[in-house]
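Asker:
2 protein chains.
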Amino acid sequence: MPRYKSIISYDGSGFSGYQVQPNKRTVQSVLEAVLTKMHKGEPVRVSASGRTDAGVHAKGQVIHFDSPLHIPADKWERALNSMLPEDLSVLSVDSVPESFHARFDAKGKEYRYILRLSQKRDPFQRKFAYQYPYPLNLKSMEQASKFFLGTHDFTSFCAAKTEVEDKVRRIDSIDFTLKDDLLTIRFKGNGFLYNMVRILVGTLLEVGSGERSPEDIPIILAHKDRRLSGKTAPPHGLYLWQVFYE
Amino acid sequence: MPRYKSIISYDGSGFSGYQVQPNKRTVQSVLEAVLTKMHKGEPVRVSASGRTDAGVHAKGQVIHFDSPLHIPADKWERALNSMLPEDLSVLSVDSVPESFHARFDAKGKEYRYILRLSQKRDPFQRKFAYQYPYPLNLKSMEQASKFFLGTHDFTSFCAAKTEVEDKVRRIDSIDFTLKDDLLTIRFKGNGFLYNMVRILVGTLLEVGSGERSPEDIPIILAHKDRRLSGKTAPPHGLYLWQVFYE
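These protein sequences, in sequence, are chains S and Y.
Under the numbering used here, the first residue of the first sequence carries the number 1, and numbering increases by one thereafter.
Under the numbering used here, the first residue of the second sequence carries the number 247, and numbering increases by one thereafter.
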């Protein structure tokens, strides 16, 4: 059956995360309901590059699905968008070989975390950036971030309940961009564990506020103990920005 | 009784406009409910520089209210924000003479209308910019906008049901800024009639799409007939940006 790869974007505010859960509005369930309707009730499964949590946004999540419908790839985008709610959009649909898999073929991902460094509330950013009203030392945050680069066991930086066995991941870059009061931290790597980016950000914030020093990072990494790292930063500042394939 | 001037900002998406209406969530009713609560049930009235319609946003709406509470001006901001919902924020509170009036003392206003010129849907902009997917000739829109500058009778460019007698207003500037796919049109003037900015934008779009020519504008102005101007652009692209006082 023909397989399609699709890049999608969603405002995570109104979803209980990506993955199907009973009686919850999730990205996967909305997508599957629309595809199933297009297939006259025949269930269609969607596979994503990975889950995102409740409240987490996506600018470039990647999914794949199979369909026997004779629809050219360039017509799929419009057909899906005409049926999808406004907080979930299809950005592109492409034909791919039947061997393509959104999760297993992903070679890496980029996440961005957006902080709003201000004491003033902003009604327009409240769901799209994490307001942080205290002073931050960006230089020590950048210093601390260097210790995350390369290949490490990130047991200390993922949710304690993470089920995957192998917690070794490679982070290729962590960049900081400050524009007006918005601080964007971009993470690129070969893969990220459950809550990993949010715990990295929470820990970097504790360095930036002076509660910890950059040199604490290698020690925390070495201990492989979630209790030693920082708080999990809230979901609404986090964006799955893009997924890389060969 | 001491009078306070306050600059407020709101995401208009969740409000049925500024003004109190029975059984509707409006900006005024939320503000007055919070102030009344702070005054232990004693009703407090709020006066604004003007109304905004359902769905219209504000980055710098100005209100005033009177209060006998012994709260220093700089503590008011925090006190109000702690009780206000997240889609409505107080940006500043200042003591003003009892003669100050948010509406009668306003010398001018700036509105901005934000268009997203793209065929792609964007879940993050859906409530904050009007998506316009067709080609636009910006040059002819700018030419057309010149005819609005200065003092004119804007009867053709306000809602037919506008009750105010005098429909003469002065527009001081109309600026266009294109950044990525966002076109911002800034209007500054001494006052704007009901739906005026949205009708100006709707008419400029019809010039930009080639349905009308810039030279139609002076003719439409001269006829003082709402039926001759363009459609009313949707509210969610419109922002009351700031209010000017002496």
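We treat Cβ as the ideally placed atom computed from N, Cα and C, and that holds for glycine.
1) Roughly how many angstroms lie between the CA atoms of A279/Y and G258/Y, to the nearest whole one?
2) Do the stretch 344–354 of chain Y and the stretch 296–316 of chain Y meet, that is, are 3 or more Cβ pairs less than 8 Å apart?
3) Between the stretch 226–236 of chain S and the stretch 163–183 of chain S, do three or more beta carbon pairs fall short of 8 Å?
4) Check whether the stretch 256–274 of chain Y touches the stretch 325–339 of chain Y, counting contact only when three or more Cβ pairs, one atom from each stretch, lie closer than 8 Å.
5) Could you tell me which residues DSSP puts in a beta bridge with T357/Y?
6) Going by C-alpha distance, which of V243/S, Y111/S, E77/S is nearest S95/S?
7) For N195/S, does the count of other Cβ atoms within 10 angstroms reach 16, so buried, or fall short, so exposed?
8) Checking 8 Å against the spacing of the C-beta atoms, do L446/Y and F403/Y come in under that value?
9) How would you label R291/Y, buried or exposed, when you count the other beta carbons within 10 angstroms and need 16 or more for buried?
10) From the DSSP secondary-structure annotation, give me the bridge partner or partners of T26/S.
11) Would you check if there are 3 or more beta carbon pairs closer than 8 Å linking the stretch 393–407 of chain Y to the stretch 459–467 of chain Y?
12) Give me the residue from P135/S, K40/S, Y111/S, L193/S with the minimum Cα distance to E206/S.
13) Note down the Cα distance separating Y378/Y from V20/S, rounded to an integer number of angstroms.
14) In chain order, what residues of the same chain lie with their CB nearer than 7 Å to the CB of Y18/S, ignoring the 5 residues before and after it?
15) For my contact list, K250/S and V243/S are in at a C-beta cut-off of 8 Å; report their separation, rounded to the angstrom.
16) Please tell me whether L281/Y has its Cβ less than 8 Å away from any Cβ of chain S.
17) Residues of chain Y with CB under 7 Å from P123/S, in chain order?
18) Answer yes or no: does any C-beta atom of chain S fall closer than 8 Å to that of R358/Y?
19) Which residues of chain Y have a Cβ atom closer than 8 Å to the Cβ of K120/S, listed in chain order?
20) Within 8 Å of any Cβ in chain Y, is that where the Cβ of R126/S sits?
21) Between which two residues does the beta strand (DSSP E) harbouring D421/Y extend?
22) Thinking C-alpha only, which one of M1/S, D122/S, H39/S, L204/S is nearest I254/Y?
23) Taking L35/S as the reference, which of S82/S, D172/S, G237/S has the closest Cα?
24) Go ahead and pull the three-state DSSP assignment for D122/S.
25) Identify every residue that forms a DSSP beta bridge with I254/Y.
26) For H70/S, count the other beta carbons within 10 Å of its own beta carbon; 16 or more makes it buried, fewer makes it exposed. Which is it?
27) In angstroms with no decimal places, state the Cα-to-Cα distance between S173/S and N190/S.
28) Between which two residues does the alpha helix (DSSP H) containing D74/S stretch?
29) Which term fits A375/Y, buried or exposed, when burial requires 16 or more other beta carbons within 10 angstroms of its beta carbon?
Answerer: Once the coordinates are examined:
1) 18 Å
2) yes
3) no
4) yes
5) The displayed chain sequence assigns Tyr, not Thr, to residue 357/Y. According to DSSP, Y357/Y bridges with F433/Y, L486/Y.
6) E77/S
7) buried
8) yes
9) exposed
10) Beta-bridge pairing links T26/S to no other residue.
11) yes
12) P135/S
13) 33 Å
14) T26, V27, Q28, A48, R51, T52
15) Residue 250/S cannot be examined here, being either before or after the span of chain S that is shown, 1 to 246.
16) no
17) S255, Y256, D257, E332, D333, L334, S335
18) no
19) S335, L337
20) yes
21) 414–425
22) D122/S
23) S82/S
24) coil
25) Q307/Y, V336/Y
26) exposed
27) 10 Å
28) 73–83
29) buried
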